[in-house]
Amino acid sequence: MTDIAFETEGRFLSLRGSFIDAIGSRLDQSIEEHYIQNRLARDGADKGHHITVINHLEIADKAPKTLQDEDGNHQLPTSSKQRNRLFKQGQQTLLATILNQFGDASEWAKPVDLGLGSIESVQAKTYYKVIYWPHGQMIRQYVGLGKSNFHVTVGFAPRDVHQYKGPGTLVCLQPNQPCSKELYARLIDYVPFYVTDKQFIKALYTTGWRHGFYALVARLTRVVLQSILRVLYYKLIGKKTISLPVTTAAPPV
Numbered sequence: 117m118t119d120i121a122f123e124t125e126g127r128f129l130s131l132r133g134s135f136i137d138a139i140g141s142r143l144d145q146s147i148e149e150h151y152i153q154n155r156l157a158r159d160g161a162d163k164g165h166h167i168t169v170i171n172h173l174e175i176a177d178k179a180p181k182t183l184q185d186e187d188g189n190h191q192l193p194t195s196s197k198q199r200n201r202l203f204k205q206g207q208q209t210l211l212a213t214i215l216n217q218f219g220d221a222s223e224w225a226k227p228v229d230l231g232l233g234s235i236e237s238v239q240a241k242t243y244y245k246v247i248y249w250p251h252g253q254m255i256r257q258y259v260g261l262g263k264s265n266f267h268v269t270v271g272f273a274p275r276d277v278h279q280y281k282g283p284g285t286l287v288c289l290q291p292n293q294p295c296s297k298e299l300y301a302r303l304i305d306y307v308p309f310y311v312t313d314k315q316f317i318k319a320l321y322t323t324g325w326r327h328g329f330y331a332l333v334a335r336l337t338r339v340v341l342q343s344i345l346r347v348l349y350y351k352l353i354g355k356k357t358i359s360l361p362v363t364t365a366a367p368p369v
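According to my numbering, the sequence shown is numbered sequentially starting from 117.
Next up, the structure:
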């Protein structure tokens, strides 16, 4: 298996490889085995972990909507086979467009593991690694898509919860969960990229006050204000490209 590869996977475009497997397998707390077994049953025990870069709905939206006959006439698909052919065509076009623009995935800036996250909904719960990956957001912007909450699914029961899976759901920021001062300080380094993520910012403040990290909360406030001013400045000058702050912080594993 390669270190990292960008490829079609079923009806998705995903990032795979030994690097992604290592992220999905590295757990900072124990998870009941049946959560992991449910993921393996769904994804396949031999498939490894992945990061969904572009999902099936986004691919369908970008795919051609009509078929072209030998005379160059366009017509709407009339069967599931024809619709699937258009979907596959759109999927392959997106893959080629991205690889032509950004080169082989082995040369891309790699995703950063921010830690274990979890989300619950209607008696279902999912565990995943929250991923910081500006390069992936840049890829999505290039093909006309908005930001995504990249993650590596670790396990779920009884089903996967498809909701917000950003840094605001990190287990270390949830009530009654431990969070070291070092980890909290590292997470603040990522605030410039996530300054519009209200759930993450609120969770940082709540956790900081709960653990008595008052000096770091003051630092968080400075970073938030500076980041907001930066966003407002770019809006003022009409900057359209995605802003990718550079952080020297080690990934909070």
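No residue lacks a Cβ here, since even glycine has one placed at the ideal position from N, Cα and C.
Just the C-alpha distance for residue i and residue j, rounded to the nearest angstrom, thanks.
{"i": "V267", "j": "T285", "result": "The sequence shown places His at residue 267, rather than the Val named in the question. Those two C-alpha atoms are separated by around 11 angstroms."}
{"i": "N265", "j": "Y258", "result": "17 angstroms"}
{"i": "N171", "j": "I353", "result": "32 angstroms"}
{"i": "K351", "j": "V246", "result": "28 angstroms"}
{"i": "G160", "j": "Q153", "result": "10 angstroms"}
{"i": "K297", "j": "T182", "result": "56 angstroms"}
{"i": "I120", "j": "H165", "result": "11 angstroms"}
{"i": "R199", "j": "Q191", "result": "12 angstroms"}
{"i": "Q217", "j": "Q208", "result": "14 angstroms"}
{"i": "F272", "j": "G140", "result": "13 angstroms"}
{"i": "I304", "j": "I167", "result": "24 angstroms"}
{"i": "R155", "j": "L348", "result": "41 angstroms"}
{"i": "E149", "j": "L289", "result": "23 angstroms"}
{"i": "V134", "j": "L341", "result": "For clarity, residue 134 is Ser in the given sequence; the question names Val instead. In a straight line, the C-alpha of S134 is about 38 angstroms away from that of L341."}
{"i": "G282", "j": "F316", "result": "8 angstroms"}
{"i": "T124", "j": "Q279", "result": "23 angstroms"}
{"i": "A301", "j": "I344", "result": "19 angstroms"}
{"i": "R326", "j": "C295", "result": "10 angstroms"}
{"i": "I214", "j": "L332", "result": "40 angstroms"}
Using DSSP bridges, identify the partner residues of residue i.
{"i": "T124", "result": "L129"}
{"i": "A240", "result": "S237"}
{"i": "V246", "result": "G231 and H267"}
{"i": "I170", "result": "L129"}
{"i": "A184", "result": "Ala is not the amino acid found at residue 184; the sequence shown has Gln there. In DSSP, Q184 forms a bridge with H190."}
{"i": "F272", "result": "T242"}
Using the rule of at least 16 other Cβ atoms within 10 Å of the residue's Cβ for burial, across every protein chain shown, is residue i buried or exposed?
{"i": "R132", "result": "buried"}
{"i": "V238", "result": "exposed"}
{"i": "T323", "result": "buried"}
{"i": "D229", "result": "buried"}
{"i": "A334", "result": "exposed"}
{"i": "A212", "result": "exposed"}
{"i": "A319", "result": "buried"}
{"i": "T312", "result": "exposed"}
{"i": "R158", "result": "exposed"}
{"i": "V126", "result": "Contrary to the premise, residue 126 reads as Gly rather than Val in this sequence. By the 10 Å Cβ count, G126 comes out exposed."}
{"i": "I255", "result": "buried"}
{"i": "Y330", "result": "exposed"}
For residue i, I'd like the list of residues in its chain whose CB is within less than 7 angstroms of its CB, leaving aside the five on either flank, ordered along the chain.
{"i": "P180", "result": "L202, Q205 and G206"}
{"i": "T363", "result": "Below a pLDDT of 50, predicted positions are generally treated as unreliable, and T363, at 45, falls in that range; the measurement from the model is reported next regardless. Taken in chain order, the residues that qualify are D305 and Y306."}
Going along the chain, which residues of its own chain have a beta-carbon closer than 8 angstroms to the beta-carbon of residue i, five neighbours each way excluded?
{"i": "L210", "result": "L129, I170, I175, K178 and V259"}
{"i": "G328", "result": "none"}
Apart from the five residues on each side of it in sequence, which residues of its chain come closer than 6 angstroms, Cβ to Cβ, to residue i?
{"i": "F122", "result": "L131 and A221"}
{"i": "V277", "result": "I235, S237, A240 and T242"}
{"i": "A225", "result": "H251"}
{"i": "T118", "result": "G133"}
Give the C-beta separation of residue i and residue j to the nearest angstrom, bearing in mind that I take them to be a contact with Cβ-Cβ under 8 angstroms.
{"i": "V287", "j": "V307", "result": "Not confirmed; about 19 angstroms, so no contact."}
{"i": "Y321", "j": "L336", "result": "7 angstroms"}
{"i": "L232", "j": "D144", "result": "6 angstroms"}
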